[in-house]
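When you line the sequence shown up against UniProt numbering, it's residues 1 to 360, in that order.
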Amino acid sequence: MTVQEPAAHAEPAGIRPAVRAVPAYPFTSIDVPIKLDQNESPYDFPEELKQEVYRRLAERDFNRYPDLHADALKHLIGRYEDWPHTGVVLTPGSNVLIKILTELAGIEQTVLTTNPTFSVYSLEAQLLDATLVQVPLNPDFSLPAAALKTELARHKPGVLAIAQPHAPTGHIDTDADLLELLEAARDWVVVIDEAYHQFSGTDRRDLVRRYPNALSLRTFSKAWGLAGIRAGYALAGPEVAENLQKLVSAFNVNVMTETVLEVALEHPEYMKARIEQCLRERARIQAALADHPNCQVLPSQANFFLMRTPNADLAYAHLLAHGIVTRRQDNLHMLQGCLRVAVGTPQENDRFIAAMKAFH
Ligand SMILES: *Cc1c(COP(=O)(O)O)cnc(C)c1O
Numbered sequence: 001m002t003v004q005e006p007a008a009h010a011e012p013a014g015i016r017p018a019v020r021a022v023p024a025y026p027f028t029s030i031d032v033p034i035k036l037d038q039n040e041s042p043y044d045f046p047e048e049l050k051q052e053v054y055r056r057l058a059e060r061d062f063n064r065y066p067d068l069h070a071d072a073l074k075h076l077i078g079r080y081e082d083w084p085h086t087g088v089v090l091t092p093g094s095n096v097l098i099k100i101l102t103e104l105a106g107i108e109q110t111v112l113t114t115n116p117t118f119s120v121y122s123l124e125a126q127l128l129d130a131t132l133v134q135v136p137l138n139p140d141f142s143l144p145a146a147a148l149k150t151e152l153a154r155h156k157p158g159v160l161a162i163a164q165p166h167a168p169t170g171h172i173d174t175d176a177d178l179l180e181l182l183e184a185a186r187d188w189v190v191v192i193d194e195a196y197h198q199f200s201g202t203d204r205r206d207l208v209r210r211y212p213n214a215l216s217l218r219t220f221s222k223a224w225g226l227a228g229i230r231a232g233y234a235l236a237g238p239e240v241a242e243n244l245q246k247l248v249s250a251f252n253v254n255v256m257t258e259t260v261l262e263v264a265l266e267h268p269e270y271m272k273a274r275i276e277q278c279l280r281e282r283a284r285i286q287a288a289l290a291d292h293p294n295c296q297v298l299p300s301q302a303n304f305f306l307m308r309t310p311n312a313d314l315a316y317a318h319l320l321a322h323g324i325v326t327r328r329q330d331n332l333h334m335l336q337g338c339l340r341v342a343v344g345t346p347q348e349n350d351r352f353i354a355a356m357k358a359f360h
């Protein structure tokens, strides 16, 4: 059978210029033994919990649609987070929440964030043709509160997106700085992305309670070790949640994800035990490389850290030759020479430390 070639010059004229202008998400998967490039958990979901998932999945009907808005899970998450279930919005990964938050308050308006920032905020703003405004971080990576306030006053309200801990620096800001911004952003939807909050021990739910125009984004992809399951949620006030929910496609959380999350939320202790190990390992790596002449591990409150070297290209290739993949960040504002490295298992971290000690 021959496959018919598409007609030559079939220019898809209907594609919006904003979408054409944006390059595809820049990520290439590299198959090496030690994977420290995506800030994932180095540990899989515990085997006995997987077995429990398989038992429950066997009872599910795959021919039936799942819960329309994942209401049963919203109750479970609400109980776990001490948050009204009416303020929980669940999607396949918090990346989807960033897209629909941009639809909620960014389109034809403004997305304000920092530079550097988590790439998805700026990517969605560009794809959806929102006015994207990025303010450089302070030299110590703290939030440029005064400059952000200037931009808040200057632009049509929209989305203010801030990660805490910040990505990709791992910096955590003070409550006072965040309060100052929230006071100035009362007409904006303020996204506090807490993807890594278990590692910093911070929790901005109190701020969201005080400022109902704010919301906290959380994910099962990092501390919970469930990146493959695709689940994230927003904790918001009822009005933001109700409007955000309208933008979530129906039946967005499938029965497999639903079943895994049910089991995970019944056993959060597995996750908490891993956090402590990650923090010990982060400190151990930091100490082991403290006197290194050719690399500087930058402080971080997350399960990853930035490492600055005189030549990111060389450092990246050197680690790859040792079977370790990291993420280059040296193309980003203020991050010259930087790679981003996730904390791995103790054995992986040993290999990483040894490889870096051999980097001259
Ligand atoms: C990893 C990450 C997320 C999580 O994305 P998912 O779609 O839930 O996997 C969200 N925000 C930041 C800043 C992240 O680094």
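Cβ coordinates follow ideal geometry from the N, Cα and C atoms, glycine included.
For L279 and N331, the gap between their C-alpha atoms comes out near 28 Å. The Cβ atoms of R218 and Y233 lie closer than 8 Å to each other. For Q134, the enclosing beta strand (DSSP E) begins and ends at T131 to P136. A distance below 6 Å between beta-carbons, with the five flanking residues on each side excluded, links T114 to the following residues of its chain, in chain order: V135 and L137. Two segments are said to touch when three or more pairs of C-beta atoms, one from each, lie closer than 8 Å; by this definition the segment 201-208 does not touch the segment 54-67.
At least one heavy atom of ligand 1 is found less than 7 Å from the C-beta of S94. Looking only at A321, S300 and L339, the smallest Cα-Cα distance to A358 is reached by A321. C295 sits in coil when the DSSP states are folded into three classes, being neither helix nor strand. Sequence-distant Cβ neighbours of A302 in its own chain, meaning closer than 7 Å and more than five residues away, are P165, G170, Y196, F199 and S200. Residue range V159 to A163 is occupied by the beta strand (DSSP E) that includes L160.
Ranked by how close their Cα comes to the Cα of N311, the residues I324, L289 and G337 have G337 in first place. For F305, the enclosing beta strand (DSSP E) stretches over residues F304 to R308. Between A354 and L339, the C-beta spacing is not below 8 Å. In this structure, S249 sits away from G93, with a CB-CB distance that is not shorter than 8 Å. Secondary structure of R351 (DSSP, three-state): helix. With contacts defined as CB atoms closer than 8 Å, V89 and L97 qualify as a contacting pair. Between V253 and the set H69, R154, E281 and T28, the nearest pair of CA atoms involves H69.
By the neighbour-count criterion, in which a residue is buried when 16 or more other Cβ atoms sit within 10 angstroms of its Cβ, V19 is exposed. Distance from the C-beta of N39 to the nearest heavy atom of ligand 1 is below 7 Å. Annotated three-state conformation of Y233 is strand, per DSSP.
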